[in-house]
Structure formats: structure tokens, C-alpha cells
Amino acid sequence: MNARQGSLLRALLNEAEYKTCAWYAHLLGCSEKTVRTDVKAIDGFLRHEGFASCVSRRRGSGLRLVLAAHEANRLSRLLDESEAAMHPRFERLCRELVVLTCTPGPHTVESLTRAVFTNKQQMQSDLHWWQRVLVGRGLAVRTGRRIEFVGAEWTQRGFLMSVLFSFPPQAVRRRIEPLLLDAASGCDQRFFDRCIEEVQDNLGFTLSSNARWQLGVYLRIMVARIQMGHVIADRPLTGELSGFFASLGNRLSRHFGIAVNEAEMGLLQDMANCCTWQWSAELMERYEPNDRARAMAADIAAACEAAFGEPVPASLIRPLGILVESGLTRRACGLVVQNPNELAVKYDSMDGMCLLSSVLCEVPALVEARLHTSDYTRLVLVLVEYLERVGSLRHYRVGLVVNSGIDLALWGRYRIEKLSSRVQVVDVIAENEVLSACARPSSPLLDRFDFLVSFEPLPVDFPSVTISSLVDERDLERIVEAIPLWRRGREAQVPCERVRLTVPATPSALLPTVHRDLVASGAVSLGLERFRWLVRTLGFIRERSLVLAWCGEGVERTAVHLYDLDGGPQLAGKRCAQVALLLVHPDDRGDLTPLTERFKRLLESQGADGAEAAEDDFFPGFPELRGAF
Numbered sequence: 132m133n134a135r136q137g138s139l140l141r142a143l144l145n146e147a148e149y150k151t152c153a154w155y156a157h158l159l160g161c162s163e164k165t166v167r168t169d170v171k172a173i174d175g176f177l178r179h180e181g182f183a184s185c186v187s188r189r190r191g192s193g194l195r196l197v198l199a200a201h202e203a204n205r206l207s208r209l210l211d212e213s214e215a216a217m218h219p220r221f222e223r224l225c226r227e228l229v230v231l232t233c234t235p236g237p238h239t240v241e242s243l244t245r246a247v248f249t250n251k252q253q254m255q256s257d258l259h260w261w262q263r264v265l266v267g268r269g270l271a272v273r274t275g276r277r278i279e280f281v282g283a284e285w286t287q288r289g290f291l292m293s294v295l296f297s298f299p300p301q302a303v304r305r306r307i308e309p310l311l312l313d314a315a316s317g318c319d320q321r322f323f324d325r326c327i328e329e330v331q332d333n334l335g336f337t338l339s340s341n342a343r344w345q346l347g348v349y350l351r352i353m354v355a356r357i358q359m360g361h362v363i364a365d366r367p368l369t370g371e372l373s374g375f376f377a378s379l380g381n382r383l384s385r386h387f388g389i390a391v392n393e394a395e396m397g398l399l400q401d402m403a404n405c406c407t408w409q410w411s412a413e414l415m416e417r418y419e420p421n422d423r424a425r426a427m428a429a430d431i432a433a434a435c436e437a438a439f440g441e442p443v444p445a446s447l448i449r450p451l452g453i454l455v456e457s458g459l460t461r462r463a464c465g466l467v468v469q470n471p472n473e474l475a476v477k478y479d480s481m482d483g484m485c486l487l488s489s490v491l492c493e494v495p496a497l498v499e500a501r502l503h504t505s506d507y508t509r510l511v512l513v514l515v516e517y518l519e520r521v522g523s524l525r526h527y528r529v530g531l532v533v534n535s536g537i538d539l540a541l542w543g544r545y546r547i548e549k550l551s552s553r554v555q556v557v558d559v560i561a562e563n564e565v566l567s568a569c570a571r572p573s574s575p576l577l578d579r580f581d582f583l584v585s586f587e588p589l590p591v592d593f594p595s596v597t598i599s600s601l602v603d604e605r606d607l608e609r610i611v612e613a614i615p616l617w618r619r620g621r622e623a624q625v626p627c628e629r630v631r632l633t634v635p636a637t638p639s640a641l642l643p644t645v646h647r648d649l650v651a652s653g654a655v656s657l658g659l660e661r662f663r664w665l666v667r668t669l670g671f672i673r674e675r676s677l678v679l680a681w682c683g684e685g686v687e688r689t690a691v692h693l694y695d696l697d698g699g700p701q702l703a704g705k706r707c708a709q710v711a712l713l714l715v716h717p718d719d720r721g722d723l724t725p726l727t728e729r730f731k732r733l734l735e736s737q738g739a740d741g742a743e744a745a746e747d748d749f750f751p752g753f754p755e756l757r758g759a760f
């Protein structure tokens with residue numbers, strides 16, 4: 132499959148109902164004929180990979196992926212592994228990265244063209260792309276007679292590893308690792324494997340298979356860079372160099388005939404501590420984070436207790452400290468490790484993210500630490516359970532309307548509350564009671580319920596959802612999709628202000644331009660640096676929009692602000708066409724659920740989608756927002 136066919140398969144996997152060819156054609160920016168052709172290719176791919184699933188075609192309804200039992204997760208994993216490799220630019224840009232950073236030069240446009248198997252015009256275009264991606268990261272590609280990657284050595288290492296870790300591991304193993312191993316002998320490879328085993332033994336933790344692989348890749352990159360004469364000389368250690376890593380440095384020096392200094396081994400030690408350990412309940416119980424991490428975890432817990440009225444469970448304090456410690460270590464290394472749940476936390480659970488962030492972003496130690504957004508989101512992920520437990524998120528009072536037997540009434544109540552933690556069935560009432568109450572001038576139902584659920588449509592003007600007598604997960608999806616838009620018995624509305632901005636193509640010019648407009652319109656009283664920090668920490672890329680939802684000090688009025696960008700900048704490897712902001716005044720914090728859901732509806736209807744993506748777009752996760760600003 133090619134990249135477009137992979138995107139179509141992903142879209143089919145995400146849709147439960149039939150959708151027309153025209154719908155998929157608009158989504159992918161191609162013709163209906165192309166969609167029908169791609170469906171044939173997808174069916175062939177599924178058969179080749181041994182799947183029993185297939186694409187169903189129904190005249191008048193469209194297309195739907197019919198999944199065989201237990202194949203959904205396997206198909207999703209296969210797509211994760213292959214989507215990057217299906218991108219037409221993946222292998223070329225991976226080769227460019229490895230050649231520029233780990234292959235002896237001097238490099239010229241001509242030599243790079245031969246090494247990457249492309250033409251001169253394409254290579255020059257790619258070099259311009261790299262220059263845009265590196266803006267603001269303290270790195271650059273210097274062009275001229277000689278082409279080289281320039282910047283602080285430890286920053287280059289961190290960026291290189293961050294890029295590799297932003298791709299699916301399987302794609303990197305197949306396409307990039309062979310390039311790093313070409314010059315390594317069998318003896319060298321066995322030496323690297325022994326080093327990884329010894330590092331694991333010294334740490335006293337079992338590394339995950341992915342972490343073992345990541346550390347092995349870094350070892351090869353470190354040796355290659357030192358052999359090329361690029362040595363870390365001035366990076367301060369984040370902690371004392373252990374005797375084991377000092378000894379390992381001496382062994383690396385003897386084996387490869389290179390000089391490995393203390394700074395090099397300090398970064399290797401930090402990289403090892405950045406790895407994913409196989410955490411068990413027992414390991415979490417006995418691991419002690421360092422003093423700074425423990426103090427920050429205590430500050431976070433104290434801020435949450437002050438804001439929400441209940442202490443953070445003791446069982447969460449140590450995990451918070453562990454996450455803070457690993458985040459601080461990655462920050463010192465310049466290493467970004469993507470959080471696969473980041474979009475789910477920031478977008479799907481936007482109300483919880485906003486509510487917690489309104490507290491966490493006021494903790495001085497956490498602000499000062501300037502954690503990568505992926506590590507900040509890991510902290511939120513741990514605290515979402517606490518937020519649900521203390522009941523700070525909006526819960527909805529439901530009246531279950533029945534005109535059937537007692538069995539269905541009890542079954543419906545049980546299923547609704549079991550499958551949706553935000554819904555509480557406060558009463559089961561008869562249909563005639565609803566009709567009578569709604570006939571009065573001021574319905575008493577508003578004081579009792581936020582909405583009604585019934586098994587038959589109700590002929591009343593009151594928020595209600597109709598479900599089937601099965602009360603299955605699809606019925607619950609209807610409830611979840613509808614109810615958050617209601618606030619005190621009425622549909623929630625939020626003012627939306629839309630502005631078209633012309634900004635320079637450099638990312639650094641974007642936020643000052645947006646900030647000036649927000650201040651001039653009286654929307655915020657935030658300083659520019661605070662605004663930058665919020666975007667770096669809480670913002671994310673969705674389709675072609677840079678999205679931020681913030682509830683806290685500095686917001687003067689609750690509103691959605693959509694900025695359509697002319698000449699939008701390159702953010703995280705993707706051409707950005709819009710900045711979408713939900714700014715919520717602290718007084719409206721209790722209505723975050725309906726406000727964030729309304730915001731998401733606006734994004735889906737008025738946001739910048741990916742159909743018009745520029746040709747030089749690459750992966751949207753190409754390491755995070757921080758370097759862009």
C-alpha cells in the first residue's frame with residue numbers, strides 16, 4: 132500500500148458506519164474513482180497479510196470495514212508500524228538524517244544525491260525543508276560548497292534520537308538501523324549487545340525490548356559521532372557519573388580506539404535513565420525518585436488538594452515523582468520521547484486536561500522545569516483518575532424514561548452507569564410524567580435532570596437522547612456525543628471570533644502575532660512569555676491546526692478564537708493553516724465539559740483539515756512544538 136491507501140484504511144478502521152466514496156474522497160483530497168481503486172488495493176493487502184477482514188461495499192450506502200473477530204488491534208498495530216514507511220518521503224529523509232549526522236564527509240549536494248538515490252533538485256528542496264524544521268532548535272543545516280549539520284553536539288544527539296523515536300520502532304528497525312550497522316562488524320555488534328546487558332544489570336531494572344533497542348541505537352550513534360571527531364565537551368552532568376559508566380567509557384575507548392570523555396558517558400548515563408523500564412507494582416513501590424522530583428511531586432499534590440478539596444492518593448505520589456524525574460532527565464538530554472496517549476488526553480479528554488492544567492500551570496517548580504509537553508501530559512494522565520474520584524469533572528443527572536417492563540428499566544439504568552462514568556441515573560420515570568411536567572410553564576424537570584434518556588422518541592422540548600432496548604455501546608456513544616453540549620438544560624454556546632492573519636513563514640513569528648491580536652482585542656492579559664509557555668506545554672497539532680485550550684488567570688472572557696493563517700509556518704514538520712484557541716475565564720471553570728465539547732465541534736466543522744496539506748508536509752509528530760517557538 133502507498134501512503135494514501137494507508138490513510139484510507141485508517142479512516143475505514145475508525146468509522147463504524149457506512150460512508151460514501153464521496154465522503155472518503157473529500158477526506159483524502161482525491162477522486163471517488165481513486166477511492167474505489169484504493170479499496171481494491173486494501174483488500175489485496177489484507178489478504179496478503181492473512182486478515183479475514185475486508186471492505187464491504189453497499190450500493191447507496193458506501194463503504195465499511197468488516198472486521199473479523201480479534202483482528203482490530205492487530206490491524207491497528209500493523210498500520211502504526213507501516214504508515215511511516217508508506218510515506219513517500221520517509222526513507223529518503225531518514226537516509227539524509229543518517230548521512231548528515233553519522234557518515235564521514237565532506238558532504239555536497241552531489242554526494243548526498245548519490246547517497247540518498249534522488250535528484251539534485253529534490254535534494255535542494257529537502258535541505259530547505261530541514262532548515263525550516265531546525266529553526267528555533269539551536270541547530271541548522273549549513274549549505275554551500277560543503278553541507279553540514281551544525282549546532283551544539285549534545286543538542287544534535289538529542290534531536291537525532293528524538294526524530295528516530297518519533298517514528299514507529301518497526302519502521303526504524305527496517306529502514307534506518309541497517310544504515311547505522313553497515314559499517315559495524317559482527318564483533319562490534321556483539322560488543323554493543325554485551326554493553327546493553329551490563330547497563331541493564333547495573334541499573335537493576337529490566338528494560339523493555341523497545342528501550343533496549345533505543346539504547347543500542349544511541350550507542351552506535353555515539354561511537355559514530357566520536358569517530359567523526361564530533362565530541363561532547365561542555366555539557367554539564369545532571370548527576371554524578373557512576374563507577375560503572377566510567378568503566379564502560381574506558382572499555383568503549385579500548386574497543387573502538389576512540390577517546391570517550393566524562394561528558395560523553397554522562398549523556399549515555401542519562402540516556403539509559405530515559406529508557407522505559409518494565410515497571411511492576413513492586414518496582415514502583417521500592418523505587419525512590421531523587422530529591423528534586425519528590426519535592427515537585429509533593430508540590431503538585433498540594434496544589435491539587437488545595438484546588439479540589441481532597442488529597443491525592445498516596446499510591447499516586449510515587450508514580451508522579453518517577454514521571455517528574457524521567458521528564459527532568461529527558462529535558463536535560465534534549466530528548467523527546469513521544470507520548471502515544473497525548474492526543475487522547477489533550478483532545479478527547481480536553482475538559483479534564485483543562486481543569487488539571489489550570490492548577491498545574493500555577494505550580495512554580497513545574498513551570499520552572501519547562502518539561503517537554505509529552506512529559507507534562509504523562510503527569511496529567513496519572514492525575515485524571517484522581518480527578519474522576521473527587522468528582523470535579525461535570526457529571527450529568529439523567530432521568531431514564533420507560534414505557535416498558537421493570538426488567539428493561541433496571542437493565543438500562545445498570546448499563547448506562549456502568550458504561551459511562553460521567554452519567555448518573557437519578558430516577559426512573561414514566562413517559563406520562565414527562566409529558567405532564569413539560570406541559571407546565573416552568574418545567575420542574577430542569578431542577579431534577581440535565582437530560583432524559585428514553586427508548587422511544589419523546590414529543591417534548593427537553594434535552595433527550597433516544598437509545599435502543601439493547602443499551603449497547605453504540606447507544607452509549609449517542610449519549611456521550613450529545614450530552615456534553617447541554618448546560619443547565621440548554622445547549623451550551625460559546626462566542627467564536629474568526630480572524631485571518633498574514634504571518635511570516637518562520638514559526639517564531641507566529642505566537643507574537645497571535646498574542647498581539649488577543650491583547651489588542653481585550654481577550655487576554657497574559658504576557659508573551661507566559662503565552663509561549665502555555666502553547667509549548669499544552670498545545671498540540673491536530674490536522675493542520677495548532678490547538679490550545681486554557682482555563683486560568685490571564686483570560687478576560689470566555690471565547691473561541693480561530694486564526695486562519697496566510698503563509699502559515701512549518702510546525703512539527705507540518706504546514707500549519709490555523710491557530711485554534713479556547714480561552715475560558717476562571718469563573719466558567721465549572722462548565723468546562725460543555726465548553727470543550729462545543730470547541731471540539733467547532734474544530735471539526737471549521738478547523739483546517741489535512742486535505743490541502745502542502746507537499747513538504749511530513750510527520751505531524753516530528754518532534755514536538757517546543758523547538759518551533
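In this note's numbering, each residue's number is its place in the sequence shown (first place is 1) plus 131.
For each residue, glycine too, the CB sits at the ideal point set by N, CA and C.
Residue i versus residue j - alpha carbon distance
i, j, result
"residue 205", "residue 181", "11 Å"
"residue 150", "residue 598", "22 Å"
"residue 735", "residue 290", "32 Å"
"residue 365", "residue 351", "21 Å"
"residue 257", "residue 266", "15 Å"
"residue 143", "residue 603", "21 Å"
"residue 459", "residue 370", "12 Å"
"residue 461", "residue 405", "6 Å"
"residue 138", "residue 253", "24 Å"
"residue 834", "residue 536", "One cannot answer for residue 834 here, as it falls past the ends of the chain, which runs 132 to 760."
"residue 567", "residue 601", "27 Å"
"residue 505", "residue 531", "41 Å"
"residue 374", "residue 275", "44 Å"
"residue 433", "residue 328", "40 Å"
"residue 744", "residue 486", "Reliability fails at residue 744, whose pLDDT of 47 lies under 50, so the model's placement of it is uncertain and the value that follows must be treated cautiously. Their Cα atoms are separated by approximately 33 Å."
Proximity winner among the options, relative to residue i (alpha-carbon distances)
i, options, result
"residue 607", "563, 199, 553, 284", "553"
"residue 466", "185, 293, 647", "293"
"residue 676", "478, 187, 255", "478"
"residue 255", "601, 577, 538, 224", "224"
"residue 311", "609, 494, 226, 240", "226"
"residue 357", "378, 389, 420", "389"
"residue 625", "712, 147, 534", "712"
"residue 407", "339, 418, 454, 393", "339"
"residue 199", "652, 455, 268, 184", "184"
"residue 264", "250, 241, 228", "228"
"residue 422", "487, 455, 541", "455"
"residue 210", "136, 239, 270, 220", "136"
"residue 662", "591, 648, 324, 674", "648"
"residue 197", "591, 145, 693", "145"
"residue 511", "546, 353, 475", "475"
"residue 401", "285, 570, 563, 188", "285"
Which of helix, strand or coil DSSP assigns to residue i
i, result
"residue 530", "strand"
"residue 694", "strand"
"residue 378", "helix"
"residue 629", "strand"
"residue 238", "strand"
"residue 298", "coil"
"residue 469", "coil"
"residue 743", "Unreliable placement is indicated for residue 743, whose pLDDT of 47 sits below 50; the coordinate value is still reported in the next sentence. DSSP places residue 743 in coil when its eight states are reduced to three."
Rounded distance between the beta-carbons of residue j and residue i, thought under 8 Å
i, j, result
"residue 557", "residue 521", "Not quite, the Cβ-Cβ distance comes to about 20 Å (not below 8 Å), so this is no contact."
"residue 231", "residue 280", "5 Å"
"residue 686", "residue 655", "6 Å"
"residue 464", "residue 683", "Wrong, their Cβ atoms sit about 30 Å apart, outside the cutoff."
"residue 448", "residue 418", "The Cβ separation is near 12 Å, so there is no contact."
Paired residues, beta bridge with residue i - DSSP
i, result
"residue 712", "679, 692"
"residue 282", "270"
"residue 583", "530, 595"
"residue 187", "195"
"residue 323", "Beta-bridge pairing links residue 323 to no other residue."
"residue 723", "None, per the DSSP bridge assignment."
"residue 686", "655"
"residue 182", "In the DSSP output, where bridge partners are listed per residue, residue 182 has none listed."
"residue 338", "408"
"residue 554", "527"
"residue 560", "532"
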